[in-house]
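In our numbering, the protein residues as written are 1466 to 1718.
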Amino acid sequence: MVRIRVLVVDDHRIFAESLAAALAAEPDVDVSAAGSGPAALRCLERAVAEGRRFDVLLVDADLGAAGAVPAQRESGSGPPPGADGIALVAGVRVSHPGVRTVVLAERDDPRRAAHALQAGASGWVAKDCSLSRLLAVIRGVLREETHLPPALLTGVLRELTAARKHRTDSERLVESLTPREHEVLRCMVAGLGRKDVAARLFLSPHTVRTHMQNVLGKLGVHSTLAAVALARRAGVRPADLAGDVVERSGQLA
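Take a look at the structure:
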């Protein structure tokens, strides 16, 4: 019998333990529980080291809410990796791509469900669904299926379509930047201020100020935070402060 290894991640201990016990009663399911995103990541790493990887994570959509952990903001100044449910889904997709994640939610929310799918989740399921339904979802995501409540489908598709439009519009605006302006924008995304950008690109602070103003103007925004949010939507990578090498032109521009 092929066994399915499941990790329940929920900071409500009674719910996590009850769900884990119910799943453990199934003859083909091995289950563990973690009370936070960081704890879940440690469980995943330990399982890999021991040669017994998890197959599915069941993640609380409101993980961390009891500790007043804010949802990730558009400016990019959200919680650390794994601190909340959606952040954990995104982190697992990168560090453990073979693990399928299913988000458990107390209420239907098309926008958050769409964000979960964009982060890499394979399903969004109500916490009060039946055990048979949850088991069907667990087995389904292992067959590369995506599971959503039927009532959410229209709203989620609308959110995903709108997100794609915003991304396309953002990409078009970023493409209007010159190579130097694009590099300045990458430094802004990395969180560098004007003086640090000047030192990194071997430019005068006055020139950097001009480039930043041009970037804001071309992107149609009025603040650095708004420019960074737009850049992230467009997929602009932050400057790699440790690895990128910037060539010096020999004089200040």
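Glycine included, C-beta positions come from ideal geometry on N, C-alpha and C.
Buried or exposed by the 16-neighbour rule on C-beta atoms within 10 Å, applied to Val1467: Position 2 of the sequence shown, counted from the start, is the residue given in the question as residue 1467. The residue is exposed, with fewer than 16 neighbouring Cβ atoms inside 10 Å.
query: According to the neighbour-count rule (16 or more other Cβ atoms, all chains shown, within 10 Å of its Cβ), is Val1693 buried or exposed?
result: Counted from its first residue, the sequence shown places residue 1693 at position 228. Its Cβ being crowded by 16 or more others within 10 Å, Val1693 is buried.
CB of Arg1565 within 8 Å of CB of Ala1584, strictly: In the sequence shown, counting from the first residue as 1, residue 1565 sits at position 100. In the sequence shown, counting from the first residue as 1, residue 1584 sits at position 119. No.
query: In whole angstroms, what separates the C-alpha of Asp1549 from that of Asp1527?
result: Stepping through the sequence shown from its first residue, residue 1549 is reached at position 84. Stepping through the sequence shown from its first residue, residue 1527 is reached at position 62. Each residue's Cα considered, the two are about 7 Å apart.
DSSP state of Arg1478 mapped onto helix, strand, coil: By one-based count along the sequence shown, residue 1478 stands at place 13. In this structure, Arg1478 counts as helix in the three-state DSSP scheme.
- prompt: Exposed or buried, which one is His1719 when buried takes at least 16 other CB atoms within 10 Å?
  reply: The structure shown does not extend to residue 1719, since the chain is modelled only from 1466 to 1718, so the question has no answer here.
message: If you measure between the beta carbons of Val1473 and Ile1603, is that distance less than 8 Å?
response: Locating residue 1473 in the sequence shown gives position 8, counting from the first residue. Locating residue 1603 in the sequence shown gives position 138, counting from the first residue. No. Outside cutoff.
- prompt: Using the rule of at least 16 other Cβ atoms within 10 Å of the residue's Cβ for burial, across every protein chain shown, is Ala1627 buried or exposed?
  reply: Position 162 of the sequence shown, counted from the first residue, corresponds to residue 1627. Per the 10 Å Cβ criterion, exposed.
For Thr1643, three-class secondary structure by DSSP: Translated into the one-based positions of the sequence shown, residue 1643 becomes position 178. Reduced to three states, the DSSP call for Thr1643 is coil.
- prompt: Does the Cβ-Cβ distance between Ala1552 and Gly1502 come in under 8 Å?
  reply: Translated into positions along the sequence shown, residue 1552 becomes position 87. Translated into positions along the sequence shown, residue 1502 becomes position 37. Taking 8 Å as the Cβ cut-off, Ala1552 and Gly1502 qualify as a contacting pair.
Through-space distance from Arg1651 to Arg1702, alpha-carbon basis: Within the sequence shown, residue 1702 is the residue found at index 237, counting from 1. Within the sequence shown, residue 1651 is the residue found at index 186, counting from 1. Going from the Cα of Arg1702 to the Cα of Arg1651 covers about 6 Å.
- request: Since I believe Glu1482 is in contact with Leu1600 (beta carbons under 8 Å), could you give me their beta-carbon distance rounded to a whole number of angstroms?
  value: On the sequence shown, position 135 is the one that residue 1600 refers to. On the sequence shown, position 17 is the one that residue 1482 refers to. Going by Cβ atoms, the distance from Leu1600 to Glu1482 rounds to 18 Å, so no, they are not a contact pair.
field: Extent of the continuous beta strand (DSSP E) run through Leu1523
entry: One-based indexing of the sequence shown puts residue 1523 at position 58. Note, Leu1523: beta strand (DSSP E), Val1521 to Asp1525.
query: Can you give the Cα-Cα distance for Val1441 and Val1649, rounded to whole angstroms?
result: What the structure shows of the chain is the stretch from 1466 to 1718, and residue 1441 is not part of that stretch, so it cannot be assessed.
message: Is the beta carbon of Gly1556 closer than 8 Å to that of Leu1415?
response: Examination of residue 1415 is not possible in this model, given that the chain is present from 1466 through 1718 alone.
- request: Return the residue from the list Pro1670, His1612 and Gly1685 that minimises the CA-CA distance to Leu1642.
  value: One-based indexing of the sequence shown puts residue 1642 at position 177. Answer by Cα proximity: Gly1685.
- prompt: Taking C-alpha atoms, which residue in Val1496, Leu1638, Arg1645 and Glu1571 lies nearest to Ala1699?
  reply: Taking the sequence shown and counting its residues from 1, the one referred to as residue 1699 is at position 234. Here the closest residue by C-alpha is Leu1638.
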